[in-house]
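Numbering (my numbering), first residue to last: 413 to 565.
Every residue, glycine too, gets a C-beta built ideally from N, C-alpha and C.
This report refers to the structure that appears directly beneath it.
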């Protein structure tokens, strides 16, 4: 229950409200449940005013991914950053590496989508350099020149 900051009153409220939910008391009547039969998230959003603690827990649970695909992608992205040599880097430089990799992945994805919409035959020697602004921990920005990747034909 760290989600509620460890407050004992909130923990007791969740336990009490869950008991009411299981016995269909008050706001948890079957009429209210059947009104949102197709959308369980809508039911818990409706309950936020009446039972805020239990609704917060339920909405948090409904917000979780039901498969590990997104988690696997995250670990894959982190695997490119956390190597033996990168572990010796300070955190600011590791963050910059992660930002550059994320920007490059997004640029490649955007260009793959736009390449399907554009006619073929663009000249590969027409590379343009763009400025990439990276936020730093101090709030200032640093810039790097990074060539935009081109989709191969």
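Per-residue DSSP class, three states only, for residue i
i	result
residue 514	helix
residue 475	coil
residue 449	coil
residue 441	coil
residue 458	helix
residue 521	helix
residue 539	Bear in mind that a pLDDT of 43 at residue 539, under 50, signals an unreliable position, so the number given afterwards is only what the model happens to contain. Note: residue 539 maps to coil in three-state DSSP.
residue 480	coil
residue 463	coil
residue 564	Note that residue 564 scores a pLDDT of 48, beneath 50, so its modelled location is shaky and nothing firm can be said.
Within 7 angstroms, strictly: CB atoms of residue i and residue j
i	j	result
residue 463	residue 513	no
Own chain, CB closer than 7 angstroms to residue i, minus 5 neighbours either side, in chain order
i	result
residue 438	432
residue 470	456
residue 484	none
residue 436	442
Where the alpha helix (DSSP H) containing residue i begins and where it ends
i	result
residue 425	420–434
Beta-carbon proximity list for residue i, same chain, < 8 angstroms, skipping 5 on both sides
i	result
residue 501	509
residue 526	none
Neighbourhood of residue i by C-beta, 6 angstroms cutoff - its chain only, sequence neighbours within 5 removed
i	result
residue 535	The predicted position of residue 535 is uncertain, since its pLDDT is 49 and thus under 50; a value taken from the coordinates is nonetheless stated next. Hits under 6 angstroms: none found.
Cβ separation of residue i and residue j, assumed to be a contact under 8 angstroms, to the nearest whole Å
i	j	result
residue 440	residue 453	Going by Cβ atoms, the distance from residue 440 to residue 453 rounds to 16 angstroms, so no, they are not a contact pair.
residue 467	residue 459	4 angstroms
residue 465	residue 425	4 angstroms
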